Structure formats: C-alpha cells, structure tokens
Amino acid sequence: MSTPVPQTIEAFMAQAVAMELEAAQRYAELADTMETHHNREVAELFRKMAVIEGKHAEQIMAEMGWSELPLGARAPVWDGLESAESVPVDETHYLMRPWHALQLALAAEQRAERFFAQLAEAATVDSVRRAALELHSEEKEHVELIQQWLKRVPQPEPGWDEDPDPPRYDQ
Amino acid sequence: MNDCATPEAADATAPLAAGDFKSSYKPIWCPGCGDYTVLSSVTKALATHGRPPHEVAVVSGIGCSSRIPAYTKCYGFHGVHGRSLAAATGLKLARPDLTVLVAGGDGDGYSIGGNHFLHACRRNVDMTYIVMDNHVYGMTKGQPSPTTEPDWDSKLAPGGTGVRVFHPLVVALASGANFIGRAFAGDLHGTADLIAQAIAHPGFSFVEILSPCVTFRPEQRNWKSLVRPSPVPVTDDPARAARRLMTDDGLNIGVLYAGSRTPFPLGPRPARMTPDDLEAEFAV
C-alpha cells in the first residue's frame, strides 16, 4: 500500500472523514458545473451523491464524538493523484447523461471499497483494521446501491455527445 | 472585494478553511476543465497561508483562467489582457501589506503579457504568479498559444504553427524569478502545497500549472498518467536549476528552484488618502 497506514483509530477516522468530505465537495462542485451548463438531470444526481457522502462523513464524526474535522486531517492520495472516493473532474462532459454520472460514482465507490480493503490488510493495529473493514463494508453497500440505480437508468445511445453547435471549429 | 467577505464577517480566532475563500459565484468553465481543481487548490493554499480573504488580492488578465478572482472572496482585479502583472506590481507597491496572487493563462501571460512576465521576474516584487497552462487559447476557440506544440494540427492552424514552444520556466529563471515550480491541476493537494510554498517564499514566485483544456485539447486528459514528481531535490543554485530546466520535458512537478535573491524593497503602507488629496497630487 503506497499510502501510509494510520497507527491510531483517531488518525484513521480523521483521514476517512476528510476523504468523505472531499468526495462530497467534489460532487457538489460537479453539480454546480452541470447546473451552469443546464444539465439539470446530472446536476441533481451529483447533488444527491454530495448529500450521501456528506452524511457518511457526519456519521463517522458522530461515532467519534467530533463536532468538526480534526485540524490537519487530509484525504489520502491513493492509486493516482487524488483520494480514492473523489470523481476526477476531467472525466465529466457537458452533455453527459445520468448513466455516465452513475458510472463515475460507481467507479469512485469501488475505488473506496478497494482502498479500505487494502488498508484493512495492511493495518497493524487491531482497532484500525476493524474500522477499515467496517468502512469497507459500508462502501460495498454504496457500490450495490449505485448498481441498483444503474439498472433503472437507460444506457445512452451512441452519439449522445453530438452537439449541433459544437464549441470546436474542427468538428 | 468579491461577494460578501467583509472583515467583520470573519471569526478571527477560527482556523481558515478553503471554503472561506470561495465566493458564491459559480465558475462557468467547461465541465472537465482543469481550472476547477486549480481554484480548489488556490483556496486550500490560501487557507494554509492563514491570512483572511480581505488581506489577499487576486489579480488577473483575460482568458478562461483569468476569471478566477471572481470565484474567490478575496479582493479581485480582472484587468486588461496580458497586463495582470503590471497591475499586481502597482498594487503590491501601493499596498505592501496585502498578499498578492496573480493568475492567468499561457496566452495572456506568455504572449500578450510576455514582456511584463520578463520584467516581473526581474523586479522580484513579493507576489505569486500562477499560470494555468493548457497550450491553447481556449476562450477564443482554440488558437495556438506560445506553449502549443509546433506540430499541433487544428482547423485554425492547419499543419501546426511550426514555431518552437516558449519555455516559461527557463525564461523565468533567466529573468530572475525567485521561486519556480510546476504543478498539475489533477493533483489537488500537491498543487495546493506548491502554491502555499510559493506564497510563503519571498520575492517573485512563479507556478506553472498544467491545466487540461478538455474542449480544445482533449488529449491533455492523458497528462495525469504522464506527470511525475521531480526526481531531483529542490535547488537554490540558478546554474543547477538552469541545467535541470533546459533538459526538462515539461512533465516534472514540484518545486524546481527556490532562490535567495533579495526581493524588491517595499515601503510602508501609504497613509489613507481622500479623493481630494489624490486630486491635489494631479494638480498642475
């Protein structure tokens, strides 16, 4: 595991909260972006994901008895340049459909699931390992939830990104 | 000052968070644009810097990335194309107590504002210049910029320009910039750390951020798999930095030079003037 493994339950949970908050923040930013570009359906979906991630952060903080994020807590960078649960900004498109947004969310939840599984395996402190396994199973639930949503959303037809008035002259 | 950030509104004892620096205006960049994460990195860096929004000014020129002052709660100046560094220099000399950030793109900074770039490096006034480089003029529909590859083929430059690229980091070093770094927009925390270091470093700090333009240069999405941390430690020796930068392929990220030149001397903050005082100064 390339990310250092926390040695106390407090450090681990602080990291987990930061990760959830960063994911929530990213979803909120993506929702704003889609609203600006009049893609309301996808904006609504990203907004919903922001609420879910925010609630997950609140839940962890309540478990720890924290009213705010501990000072200096930071989401760990994992398997690339960002934290596991954040949707990469560059993978969005102004004409994307809910199906695409759910694919991005699914990939983010799956990364988070793998992250906590690896962390549980690498943990040397029992309380950290147990907490990592618990978060792993919570992320697994999120994965299943998004998979259920995906079944209700039609996969876009080829040409979904065709724009009659494209921004590029060479299109 | 943008938005609703007033000195009275801030709780001076609370630690600052990135959100304290974001305005309520929503960016209108294309979805997928690297500038979104640059904005987040800038606000994170400002939180680390620790000065409240009303003690920071963000100055820009023209272009997609130059919209950034409006998206912060700091003092903002969205100026003339290519003239952001001139405006920021004047501001810093008049208000040395402010932390001054300058932001813009490669067209604004290296072409239209190229001459100001040289002399801002040379003067070494204490401020931080952030260039969101996407190797294209995005706002005006995709013309080649000074950092566009000579063979980049587009409808606006068929077959490419054939002109060698401008190397901003080498130029900055040769012109006297006191801090030089490169970041990648997709590296949120790494970019925030680099900007925070640049702000803290005395003198003129230059941070180039590779910020993909997914609309006109969609191939830049691949940057995230190409960038890598600079393999050599930071140097304060301009000769070593020059050798490093001359052989650089443009994808090494991190602090590449942190020099020790004495910054341009700043006087005390001038006494507050009334419009009458100002008018009197212009009397002939």
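Order-wise, the sequence lines are chains A and B. Taking this note's numbering, the leading residue of the first sequence gets 1118, the next gets one more, and so forth. Taking this note's numbering, the leading residue of the second sequence gets 14, the next gets one more, and so forth. Ideal placement from N, C-alpha and C gives every residue a C-beta, glycine not left out. It should be emphasised that the depicted structure is a prediction, and the values quoted were computed from it without experimental measurement.
So, are the CB atoms of residue i and residue j less than 8 Å apart?
i, j, result
"TYR123 of chain B", "ALA133 of chain B", "no"
"THR56 of chain B", "LYS35 of chain B", "yes"
"LEU104 of chain B", "VAL183 of chain B", "no"
"GLY172 of chain B", "GLY118 of chain B", "no"
"GLN1132 of chain A", "ALA1225 of chain A", "no"
"TYR1211 of chain A", "CYS226 of chain B", "no"
"LEU223 of chain B", "ASP164 of chain B", "no"
"LEU1162 of chain A", "VAL1204 of chain A", "no"
"ILE193 of chain B", "TYR270 of chain B", "yes"
"GLY263 of chain B", "SER243 of chain B", "no"
"GLU1199 of chain A", "GLY199 of chain B", "yes"
"THR160 of chain B", "SER54 of chain B", "no"
"THR1120 of chain A", "TRP1195 of chain A", "yes"
"LEU111 of chain B", "PRO65 of chain B", "no"
"LEU1153 of chain A", "ILE125 of chain B", "In the sequence as presented, Leu is not what sits at residue 1153 of chain A; that position holds Thr. No; because the gap between Cβ atoms is not below 8 Å, this pair is not in contact."
"ILE81 of chain B", "ALA107 of chain B", "no"
"PRO109 of chain B", "ARG282 of chain B", "yes"
"GLY298 of chain B", "SER78 of chain B", "Shown here, chain B extends from 14 to 297; a query on residue 298 of chain B therefore has no answer."
"PRO1215 of chain A", "VAL1159 of chain A", "yes"
"MET1166 of chain A", "ALA1222 of chain A", "yes"
"ALA1192 of chain A", "MET1136 of chain A", "yes"
"GLU162 of chain B", "HIS180 of chain B", "no"
"ALA99 of chain B", "VAL113 of chain B", "no"
"ARG195 of chain B", "ASN265 of chain B", "yes"
"GLY151 of chain B", "THR228 of chain B", "yes"
Strictly by DSSP, which residues pair up with residue i?
i, result
"HIS91 of chain B", "B:SER73"
"LEU1292 of chain A", "Residue 1292 of chain A is absent from the model: chain A starts at 1118 and stops at 1288."
"GLY194 of chain B", "B:VAL220, B:VAL268"
"PRO242 of chain B", "B:ILE266"
"LYS35 of chain B", "B:THR85"
"SER1200 of chain A", "A:VAL1194"
Report buried or exposed for residue i, applying the criterion of at least 16 other Cβ atoms within 10 angstroms of its Cβ.
i, result
"ASN191 of chain B", "buried"
"GLU1180 of chain A", "exposed"
"CYS17 of chain B", "With a pLDDT of only 46 at CYS17 of chain B, under the threshold of 50, the placement of this residue in the model should not be trusted; the figure read from the coordinates follows. Its Cβ having fewer than 16 others within 10 Å, CYS17 of chain B is exposed."
"PHE295 of chain B", "exposed"
"ASP48 of chain B", "buried"
"SER97 of chain B", "buried"
"LEU291 of chain B", "exposed"
"LEU1188 of chain A", "exposed"
"SER1254 of chain A", "exposed"
"GLN1288 of chain A", "With a pLDDT of 47 at GLN1288 of chain A, under the threshold of 50, the modelled position of that residue is not reliable, and no figure is offered here."
"VAL1122 of chain A", "buried"
"ASP166 of chain B", "exposed"
"MET286 of chain B", "exposed"
"GLN1265 of chain A", "exposed"
"LEU341 of chain B", "Missing from the structure shown is residue 341 of chain B; chain B here goes from 14 to 297 and no further."
"ARG230 of chain B", "buried"
"VAL1134 of chain A", "buried"
"PRO246 of chain B", "exposed"
"GLN210 of chain B", "buried"
"SER158 of chain B", "buried"
"HIS1155 of chain A", "exposed"
"VAL138 of chain B", "buried"
"GLY1276 of chain A", "exposed"
"VAL1206 of chain A", "buried"
"ARG241 of chain B", "exposed"
"ALA1174 of chain A", "buried"
"THR1125 of chain A", "exposed"
Beta carbon of residue i: closer than 7 Å to some heavy atom of the ligand FMN?
i, result
"THR260 of chain B", "In the structure on display, the ligand FMN does not appear, and there are no ligands present to speak of."
* Asked: Which ranges does the alpha helix (DSSP H) cover as unbroken runs of at least 4 residues, wholly within the segment 97-183 of chain B, from first to last along the chain?
  -> If we require 4 residues or more, the alpha helix (DSSP H) runs fully inside the segment 97-183 of chain B come out as 97-107, 127-136.
* Against chain A: residues of the segment 37-64 of chain B by CB proximity under 8 Å -> Residues LYS39, PRO40, ILE41, TRP42, CYS43, PRO44, GLY45, CYS46, GLY47, TYR49, THR50, SER53.
* To do: Below 7 Å between beta carbons is the criterion; list the residues of the segment 213-244 of chain B that meet it against any residue of chain A, in chain order.
  => Answer set for the segment 213-244 of chain B: PRO225, VAL227, THR228, PHE229, ARG234, LYS237.
* With a floor of 4 residues, list each alpha helix (DSSP H) that falls wholly inside the segment 1211-1275 of chain A, ordered by position along the chain. => Taken in chain order, the complete alpha helix (DSSP H) segments of 4 or more residues contained in the segment 1211-1275 of chain A are 1215-1239, 1243-1268.
* Can you give me, in chain order, the residues of the segment 82-101 of chain B that have a beta carbon less than 9 Å from any beta carbon in chain A? => Going along the segment 82-101 of chain B in chain order, one finds no residue with a Cβ nearer than 9 Å to chain A.
* **Members of the segment 192-204 of chain B that neighbour chain A once the beta carbon cut-off is set at 9 Å** => Residues PHE197, ALA198, GLY199, ASP200, LEU201, HIS202, GLY203.
* Along the segment 1199-1210 of chain A, what residues have a CB closer than 9 Å to any CB found in chain B? -> Flagged, chain order: GLU1199, SER1200, SER1203, PRO1205, VAL1206, ASP1207, GLU1208, THR1209, HIS1210.
* Identify each residue in the segment 153-164 of chain B for which the Cβ-Cβ distance to at least one residue of chain A is less than 7 Å, and report them in chain order. => Within the segment 153-164 of chain B, the qualifying residues are LYS154, GLY155.
* **Cβ-based contacts, 9 Å cut-off: residues of the segment 1120-1154 of chain A near chain B** => Going along the segment 1120-1154 of chain A in chain order, one finds GLU1139, GLN1142, ARG1143, GLU1146, LEU1147, ASP1149, THR1150, MET1151, GLU1152, THR1153, HIS1154 with a Cβ nearer than 9 Å to chain B.
* the segment 244-257 of chain B: which residues have C-beta closer than 9 Å to a C-beta of chain A, in chain order? -> Residues of the segment 244-257 of chain B with a Cβ closer than 9 Å to any Cβ of chain A: none.
* Between the segment 1254-1266 of chain A and chain B, which residues of the former have CB atoms less than 9 Å from a CB of the latter, in chain order? -> So nothing in the stretch comes that close.
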